[in-house]
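Numbering (the UniProt record's numbering), first residue to last: 1 to 315. Accompanying notes for the structure given below.
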Amino acid sequence: MGYDINRFQGDVDEELVCPICTGVLEEPLQAPQCEHAFCASCINEWLTRQPTCPVDRNPITPNQLKPVPRITRNLLSRLFIACDNASYGCTSIIRLDMLQSHLQECEHNPKKPVMCEQGCGLTIPKDELKDHNCVKELRCLVQLQQSKLTDLQTDVAEIRLQNNELKREMHLLKEYMRAMRVANPRIRELQLEMENDDVVRWVSNLQQARVTRWGGMISTPDAVLQAVIKRALMDSGCPSHIVTELMENAHERRWPPGLSTLETRQLNRRQYENYVTKRIPGKQAVVVMSCENQHMADDMIMDPGLVMIFAHGVE
Numbered sequence: 001m002g003y004d005i006n007r008f009q010g011d012v013d014e015e016l017v018c019p020i021c022t023g024v025l026e027e028p029l030q031a032p033q034c035e036h037a038f039c040a041s042c043i044n045e046w047l048t049r050q051p052t053c054p055v056d057r058n059p060i061t062p063n064q065l066k067p068v069p070r071i072t073r074n075l076l077s078r079l080f081i082a083c084d085n086a087s088y089g090c091t092s093i094i095r096l097d098m099l100q101s102h103l104q105e106c107e108h109n110p111k112k113p114v115m116c117e118q119g120c121g122l123t124i125p126k127d128e129l130k131d132h133n134c135v136k137e138l139r140c141l142v143q144l145q146q147s148k149l150t151d152l153q154t155d156v157a158e159i160r161l162q163n164n165e166l167k168r169e170m171h172l173l174k175e176y177m178r179a180m181r182v183a184n185p186r187i188r189e190l191q192l193e194m195e196n197d198d199v200v201r202w203v204s205n206l207q208q209a210r211v212t213r214w215g216g217m218i219s220t221p222d223a224v225l226q227a228v229i230k231r232a233l234m235d236s237g238c239p240s241h242i243v244t245e246l247m248e249n250a251h252e253r254r255w256p257p258g259l260s261t262l263e264t265r266q267l268n269r270r271q272y273e274n275y276v277t278k279r280i281p282g283k284q285a286v287v288v289m290s291c292e293n294q295h296m297a298d299d300m301i302m303d304p305g306l307v308m309i310f311a312h313g314v315e
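So, in structure tokens, the structure goes:
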């Protein structure tokens with residue numbers, strides 16, 4: 001529905017008037033071929049009854065409607081219109097393109113949110129202020145919050161029930177797996193083979209890394225940095241059964257003898273170039289996996305591998 005033409009100051013060009021509601025165009029759309037313009041709500045409602053242009057009856061569908069040209073939008077924006085709240089005392093005459101921003105601030109807007117000054121502090125529409133009862137509104141608010149709290153407590157109880165059910169199923173599954181291993185010792189071997197295959201497959205998909213500054217290695221990364229690297233590992237598809245162990249191996253206290261102290265690392269720096277390193281995507285960090293570093297001395301590698309975090313120097 002368009003704007004009432006009587007609200008406008010001066011004459012309005014008939015090209016800016018909707019043929020359906022005879023009001024000034026609001027959110028205008030035009031037909032694809034004849035280019036007749038209509039209010040969006042007017043033409044969409046019209047097309048639900050008959051798929052033709054209301055002016056010349058050319059066939060059109062809602063999907064064929066398109067925005068009016070910029071010149072039409074500019075002409076509309078330059079029209080001056082009386083405020084919607086004129087009947088409530090507002091005497092402002094504003095440009096049409098400024099109407100919405102004016103309505104949000106208009107002091108005569110009966111629906112403008114205002115804060116109750118009687119003590120409850122609630123924000124309510126201006127025209128409801130005279131009938132506002134603080135005690136009644138606060139009581140309704142408390143009841144609403146109690147209802148939400150009851151719903152949350154019900155949800156928590158259901159989640160606890162589901163968790164208990166999952167724990168029971170996990171316990172049964174573990175018992176079943178234990179029974180299977182007792183019945184067939186080969187089951188554990190097969191499980192280990194499958195896990196090893198997952199690790200090899202993941203590592204082979206990582207990008208080869210080149211460390212240019214081994215001196216930038218952080219031997220004691222803080223908890224926040226480790227959490228960031230752990231998330232990157234998981235996002236890269238790292239098998240879940242080794243994620244925690246790899247991150248524990250990111251600290252020098254878990255490193256093998258050849259890397260465990262600053263002195264040994266300085267003595268063994270020439271051997272670093274022999275490491276096969278893979279980039280942890282998007283991070284200044286690499287994994288040095290034992291499956292790819294069988295050529296390294298035993299005191300330079302550990303199972304399943306190491307995470308090395310750098311301040312800089314990883315390409």
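Idealized CB from N, CA, C, for every residue including glycine. This one's a predicted model, so the numbers in the text were calculated from it and none came from an experiment.
Would you mind giving the Cβ-Cβ distance between V287 and V211, rounded to the nearest angstrom? I have them listed as a contact below 8 Å. Between V211 and V287 the Cβ distance is about 12 Å, and since that is not below 8 Å, they are no contact.
In three-state DSSP terms, what is P239? coil
C42, enclosing alpha helix (DSSP H) - first and last residue: 40-47
Measuring straight from C-alpha to C-alpha, what distance separates G282 and M170? 35 Å
Taking the C-alpha atoms as reference points, what is the distance between V228 and D299? 28 Å
Figure out for me which residue from L262, T154, I20 has the closest Cα to the Cα of D56. I20
Using the C-alpha atoms, what's the distance from R279 back to V314? 8 Å
Closest by CA to I301, which one among R231, M289, H132? M289
Would you check if there are 3 or more beta carbon pairs closer than 8 Å linking the region 255-272 to the region 198-205? no
Suppose contacts are defined by Cβ-Cβ distances below 8 Å. Is E105 in contact with L122 by that definition? no
Three-state class that DSSP yields for Q208 in the structure shown: strand
Have a look at the DSSP bridge pairing and note the partners of A37. Q30
Taking all protein chains shown into account, do 16 or more other C-beta atoms lie within 10 angstroms of the C-beta of L192, making it buried, or fewer, making it exposed? exposed
For L306, the first and last residue of its enclosing beta strand (DSSP E): 305-310
Specify, as a first and last residue, the run of the beta strand (DSSP E) that I81 falls within. 80-82
V276 and N249 look like a contact to me (Cβ under 8 Å); what is the Cβ gap, rounded to whole Å? About 16 Å; that fails the 8 Å criterion.
Taking S219 as the reference, give the member of D11, C39, P256, L172 with the closest Cα. P256
Quick one, which of S87, L96, E45 has its alpha-carbon nearest L16's? L96
Exposure label - V24; buried when at least 16 CB within 10 Å: buried
Relative to the C-alpha of C34, which candidate in Q153, E27, P54 has its C-alpha closest? P54
Assigned secondary structure, V288 (DSSP; H/G/I helix, E/B strand, else coil): strand
Among N133, P110, L29, whose alpha-carbon lies nearest the alpha-carbon of P125? P110
Going by DSSP in three states, V224 sits in which element: helix, strand or coil? helix
Would you decide whether L79 is buried or exposed? Buried here means 16 or more other CB atoms lie within 10 Å of its CB. buried
What number of angstroms, rounded off, separates the C-alpha of M194 from the C-alpha of G305? 17 Å
In terms of residue numbering, what span does the alpha helix (DSSP H) encompassing R95 cover? Unbroken run through R95 is the beta strand (DSSP E), 93-95; no alpha helix (DSSP H).
May I ask which residues mark the beginning and end of the alpha helix (DSSP H) holding I71? 70-77
Whole-Å CB distance - A82 paired with R139, under 8 Å assumed: Actually they do not touch by this definition, with Cβ atoms about 41 Å apart.
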